Amino acid sequence: MRWSLVVPAKRLEAAKTRLTPLTGGGRADGRGLHTELVLALLADTVAAARACPAVDDVVVVTDDARAAATVRALGARTVPDEPDGGLNPALAHGARAAGSPAVAALSSDLPALRPAELAAALAAAAAAPRGFVADAAGTGTTLLTAAGVPLDPRFGRDSAAAHAASGARALAGDWPGLRRDVDTPADLREATGLGLGTATAALLPRLPPHPA
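Read left to right, the sequence shown gives residues 1 to 212 (the UniProt record's numbering).
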């Protein structure tokens, strides 16, 4: 089975606010250290997804010009966030734009993601119409899959439970990079231990204090 992946990307300056202790926040021109970190997380996620042999297409839903340019350079395509109604409407819109019978929503903050992990999770997903991978904490969701049925995303607080209640199957596997999304400095330390993608690794020495 070949998949289309949908990745949401908020405007860089508004994303990942819990990482501001590391970055000091963005600048008015959108080019502060915070926006650079958010962009690096996105770039490493998309690069890993594009390198996954089970993935045909990566669609990034964004209204941010820098994010769009970065992911297009990595081989993804972009669609604007036309619903402008939050994360779940954006993902549903992206799934429709993908136009594939097998579509998955992937978090945009997985800098330690490995293509082989993603391929294994997508292979496991083929056994059920809808499936999901819980995050490292077990409460959130980093991957939601749908094959031949609507994606029906329910991201947000306690999304793992929400997706399970909606009928999606919990996918089990040893996929630490896929489960390790980055919302806090502690998350970034854990991702660093797993091994970061090139964009986030290059930015790491500039972050005060160094999270490694």
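All C-beta atoms, glycine included, are put in the ideal place defined by N, C-alpha and C. Since we're looking at a predicted model, the values are computed, not measured.
If you draw a 10 Å sphere on the C-beta of residue 82, you find fewer than 16 other C-beta atoms in it, and that means exposed. Approximately 4 angstroms separates the beta-carbon atoms of residue 168 and residue 130; this is inside 8 angstroms, confirming the contact. Excluding sequence positions up to five before and after residue 134, its CB lies within less than 8 angstroms of the CB of 140, 141, 142, 160, 170 and 179, all in the same chain and listed in chain order. Secondary structure of residue 184 (DSSP, three-state): coil.
Here residue 153 is buried: its Cβ has 16 or more other Cβ atoms, across all protein chains shown, within 10 Å. Under DSSP, the beta-bridge partners assigned to residue 57 are 4. The Cβ atoms of residue 45 and residue 110 sit closer than 8 angstroms to each other. Per DSSP, reduced to three states, the secondary structure at residue 149 is coil, with no helix or strand assignment. Residue 33: member of the alpha helix (DSSP H) spanning 33-50, first to last residue. For the 8 angstroms CB-CB criterion, residue 98 and residue 7 do not form a contact. Per DSSP, residue 71 has no beta bridge partner at all. For residue 105, DSSP records a beta bridge to 6 and 144. The alpha-carbon of residue 75 is positioned some 7 angstroms away from that of residue 50.
Rounded to the nearest angstrom, the gap between the Cα atoms of residue 195 and residue 136 is 15 angstroms.
Around the beta carbon of residue 177, a 10 Å sphere encloses 16 or more other beta carbons of the protein chains shown; the residue is thus reported as buried. For residue 177, the uninterrupted alpha helix (DSSP H) segment begins and ends at 176-179. Around the beta carbon of residue 187, 16 or more other beta carbons lie within 10 angstroms, which makes this residue buried. Sixteen is the threshold: since fewer than 16 other Cβ atoms of the shown chains lie within 10 Å of the Cβ of residue 206, the residue is exposed.
Annotated three-state conformation of residue 94 is helix, per DSSP.
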